[in-house]
Amino acid sequence: MLYLPINEQGWGLIVDLIRNFARSEVGTRAIGLAALLIFFLFGINGLNIVNSYVGRDFMTAIADRNMAMYLKQAVIYVGVFAASTVVSVLQRYAEERLGLLWRGWMTRRFVELYLQYPTYFRLNDALLKQSGIENFDQRIADDVRVFTSTTLSFTLILLNGVFTVVAFSGVLWTISPHLFGIAVLYAVAGSCIAIVLGRPLVDLNYGQLDKEASFRSSLIHVRERAESVALLHREERLLARLLRQFDEVVANSWRIIAVNRNLGFFTTGYSYLVQIIPILVVAPLFIAGSVEFGVVTQSAMAFAMLVGAFSFVITQFQSLSSYAAVVERLVNLWYVIQLAQTKTVSGIDVSEDDSRVAYEELTLFSPADGSVLVKDLSISIPQGTRVLVTGPEDTTEAKEALFKATAGLLDTGTGRVIRPHLDQILFLPERPYMPPGSLREALIPDQAETAIADETITATLRSLGIENVLSRAGGLDAEQDWDDSLSLAEQQFISFARMLLIAPRFAFLDRPSTHLDPQEIRQLLRMLSDRNITYLVIGRQEKQDGEDWSGSYDAILELYPQGRWKWSKMS
Numbered sequence: 004m005l006y007l008p009i010n011e012q013g014w015g016l017i018v019d020l021i022r023n024f025a026r027s028e029v030g031t032r033a034i035g036l037a038a039l040l041i042f043f044l045f046g047i048n049g050l051n052i053v054n055s056y057v058g059r060d061f062m063t064a065i066a067d068r069n070m071a072m073y074l075k076q077a078v079i080y081v082g083v084f085a086a087s088t089v090v091s092v093l094q095r096y097a098e099e100r101l102g103l104l105w106r107g108w109m110t111r112r113f114v115e116l117y118l119q120y121p122t123y124f125r126l127n128d129a130l131l132k133q134s135g136i137e138n139f140d141q142r143i144a145d146d147v148r149v150f151t152s153t154t155l156s157f158t159l160i161l162l163n164g165v166f167t168v169v170a171f172s173g174v175l176w177t178i179s180p181h182l183f184g185i186a187v188l189y190a191v192a193g194s195c196i197a198i199v200l201g202r203p204l205v206d207l208n209y210g211q212l213d214k215e216a217s218f219r220s221s222l223i224h225v226r227e228r229a230e231s232v233a234l235l236h237r238e239e240r241l242l243a244r245l246l247r248q249f250d251e252v253v254a255n256s257w258r259i260i261a262v263n264r265n266l267g268f269f270t271t272g273y274s275y276l277v278q279i280i281p282i283l284v285v286a287p288l289f290i291a292g293s294v295e296f297g298v299v300t301q302s303a304m305a306f307a308m309l310v311g312a313f314s315f316v317i318t319q320f321q322s323l324s325s326y327a328a329v330v331e332r333l334v335n336l337w338y339v340i341q342l343a344q345t346k347t348v349s350g351i352d353v354s355e356d357d358s359r360v361a362y363e364e365l366t367l368f369s370p371a372d373g374s375v376l377v378k379d380l381s382i383s384i385p386q387g388t389r390v391l392v393t394g395p396e397d398t399t400e401a402k403e404a405l406f407k408a409t410a411g412l413l414d415t416g417t418g419r420v421i422r423p424h425l426d427q428i429l430f431l432p433e434r435p436y437m438p439p440g441s442l443r444e445a446l447i448p449d450q451a452e453t454a455i456a457d458e459t460i461t462a463t464l465r466s467l468g469i470e471n472v473l474s475r476a477g478g479l480d481a482e483q484d485w486d487d488s489l490s491l492a493e494q495q496f497i498s499f500a501r502m503l504l505i506a507p508r509f510a511f512l513d514r515p516s517t518h519l520d521p522q523e524i525r526q527l528l529r530m531l532s533d534r535n536i537t538y539l540v541i542g543r544q545e546k547q548d549g550e551d552w553s554g555s556y557d558a559i560l561e562l563y564p565q566g567r568w569k570w571s572k573m574s
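Here it is as C-alpha cells:
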C-alpha cells in the first residue's frame, strides 16, 4: 500500500488545496464566513468569561442567603445564557455553510481531475494498481466530506482553545498561580500519554476505511452482475470472498476497539480528575476564609476551560486519528492523480493522417509480463480498404493491444502508429458503453446536438430496426439507465447508430460478433460501406455460419503467437 508521508510534500498538497480554494470564485464568500466565525468565537469566549463572574456572584449570593443579589444575578445569568445560545447557533450555522462551500469546491476539483483524460484510464493500469490506491469513488465522495468538515471543526476548536487560554489564564492566575501551573502540567502530561497510547489508531483507521470500501465494492459487484452470478451459479465463491473481506473488517475493528479501550481508561480518568483537582486546591482557601464560596465554583469552571483548551489532543484523539487517516488517503489520491497525468515516455510514435491507418515497424508488448504480442508490423490501410483482424484464440491479447495502441491507450511498445485525428476515427469496444442519460446524449456528441435533426436520428434508428427503443426510452431526451433498460445487443445497435450519425472516415470495431450474429454484422458493415466509412474489424479466426468475408472485407490481417503476423488481400 502506498503511503505518502504527511511531511513537507504531503502538507504542500494540502496547503495548495486550501490556497486554491481561497483564490476560487467561492473563496470570497468563504473568507467572509470565516471572518464571521472568528467574530462569533470572540463573542462566545467573552460571554464565557462574563458567565464565570456572574456564576461566582450567583453562588456567593446563595451562600450568603442574599435574596436581592440572588434575583439580580439570576436575571443576568439567564440573559448571558440566552446570548450564548444565539451566538452558538449562529456560529454552527456559519460553520456548516463554510464546510459545504469548501466540500462543494473540493469535490468538483477532484472529479474534474479524475475525469481529465487519461487520469481515469491510467489509474487502472498495472503500475498504479500495485500501489494499493483503490476505491477512488469513496475517497472523492466520503473522504472529501470528512476532510472539509473535520478540518474546519478542528481549526475552530484550536482557535477557540487559543482564545480560551488567553481569556481564562488570567482568571485562574488571579485565583491561584499554583492552580494555573497544575492545569498546564496536567494537560501537557496527559497529551503525551494519549499520543503514546493512541498512536496505532492512525494506521488502523486508514486500513479500516479501505477494508470497508472493498467489502462495499464487492456487494455492489453482486448487485450489478446479479444475472451473470445466477446463470453461472457463482454464489459460493462470491460468498466466500465477501465473508473473507468482512472478516478483515471485523478483525481490524477489534484492534481499533482494543486500542480505544486502553485509551479510554486514561482519557475517562483524566476527565474525572479535571472536576476534582481545582476544588482540592481552592477549597482549603475557602475554609481558611481567604476566598468567598463563589470562587470555588469559578475556579472549577476556569480550570476545566483551561485544561480543555490545552487538552485538545486528549479530548479529540480518536477523531484526530481518523482524520489523519483521511488526510493521508486524500494526499495519496492527489499524488496518484498527478502521477497518472504525468506524460509517459512511450516508444510508440502516434501521428495523424486523415487518409489512412498505418503501422510502421510496430512492436507491442504485454503490459502484464512484457511478452511480445505483435512484432514489426508494417502495413498501410488507405481509406476505402475494409480490413478484418483475426487470429487464433491465444492471440486475443495481441488483437486487444493493437486496438488500444491505435486508439493511443497502450504505450508498451515501439514503432509508429498513423491514424486520422480522433474526430475522424471512431473506436467501438467489444462491450458497448452507454452512460446514464438521454438517448440523444448516447447517440450524438455534444458539439453536434443542434446539427442533427430529430428526423435524421429517427430514420437512422429505423434503418437499424431499433426504432422501438425510442418509444421505450420515452423519447430522445428522457433520462435512462441503459444497462437496465437495453440488452447488450441493443446497446451495440445504438453504438452503430451513433457511428452512422457521426460518419467518421474510419471505424475500428472490437469483436462485434460477441453480441451480434453474422447476418446482423454483415448488414451493419454494408451500411458503413454505403456511407464511405472505412472499417477495421477484430473477429474470429474461422468463419461463422452465414458469414461472408469476401463481400465484407478487402484485406485480412492475421495475428499469430510470438508476435508473428500475415497480411493478405481478398481475391
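Quick note: the sequence shown uses this note's numbering, first residue 4, plus one each step.
Backbone N, C-alpha and C define an ideal beta-carbon position, used for all residues, glycine too.
Do residue j and residue i count as a contact pair if the criterion is CB distance below 8 angstroms?
i, j, result
"A401", "L376", "yes"
"G418", "E363", "yes"
"E239", "L155", "no"
"L539", "I340", "no"
"A476", "L519", "no"
"F113", "I143", "yes"
"L528", "I497", "no"
"L562", "T398", "yes"
"T393", "D379", "no"
"L36", "L101", "yes"
"L126", "F139", "yes"
"F150", "L333", "yes"
"A343", "T88", "no"
"Q483", "P435", "no"
Can you have a look at residue i and say buried or exposed, based on whether 16 or more other CB atoms are within 10 angstroms of its CB?
i, result
"N255", "buried"
"S179", "buried"
"G478", "exposed"
"A192", "exposed"
"E396", "exposed"
"Y189", "buried"
"L425", "exposed"
"G569", "It is worth fixing the name first, because residue 569 is Lys in this sequence and not Gly. Exposed, since its Cβ has fewer than 16 Cβ neighbours within 10 Å."
"K214", "buried"
"D487", "exposed"
"E331", "buried"
"Q522", "exposed"
"S324", "buried"
"S571", "exposed"
So for residue i, helix, strand or coil by DSSP?
i, result
"Q483", "strand"
"P515", "helix"
"D379", "strand"
"S555", "helix"
"S293", "coil"
"W570", "strand"
"S354", "strand"
"R210", "A quick correction: the sequence has Gly, not Arg, at residue 210. Helix at G210."
"I196", "helix"
"P423", "coil"
"G201", "helix"
"R68", "coil"
"V540", "strand"
"T270", "helix"
"V29", "coil"
Below 7 angstroms CB to CB, which residues in the same chain sit around residue i once its five sequence neighbours on both sides are set aside?
i, result
"L464", "E470, V472, L473 and A500"
"L503", "T463, M530 and R534"
"I524", "P515 and S516"
"R359", "S383, I384, P385, Q386 and I421"
"A286", "V299"
"D480", "S441 and R443"
Can you confirm whether residue i, when its beta carbon is compared against all beta carbons of chain B, has any partner nearer than 8 angstroms?
i, result
"T158", "This model lacks chain B altogether; it includes just one protein chain."
Excluding the 5 residues preceding and the 5 following residue i in the sequence, name in chain order all residues of the same chain whose CB lies nearer than 6 angstroms to its CB.
i, result
"F306", "A186 and P281"
"V53", "V83"
"F427", "The residue you asked about is not Phe; residue 427 is Gln in the sequence shown. The answer, listed in chain order, is D357, P507 and R508."
Can you list, in chain order, the residues of its chain whose CB lies under 8 angstroms from that of residue i, leaving out five sequence neighbours each side?
i, result
"T167", "N48, N51, M308, L309, G311 and A312"
"K407", "L413"
"T278", "First, the residue type needs correcting, since residue 278 is Gln and not Thr in the sequence shown. Same-chain partners within the cutoff: A303 and A307."
Pairs of beta-carbons, one from the region 216 to 225 and one from the region 161 to 174, closer than 8 angstroms: are there three or more?
no
Report yes or no: do three or more beta-carbon pairs, one from the region 200 to 207 and one from the region 262 to 271, lie closer than 8 angstroms?
yes
Does the count of Cβ pairs from the region 23 to 39 and the region 107 to 115 closer than 8 angstroms reach three?
yes
Stretch pair the region 287 to 306 + the region 52 to 72: three plus CB contacts closer than 8 angstroms:
yes
Touching by the beta-carbon criterion (3+ pairs, under 8 angstroms), the region 381 to 388 and the region 555 to 572
yes
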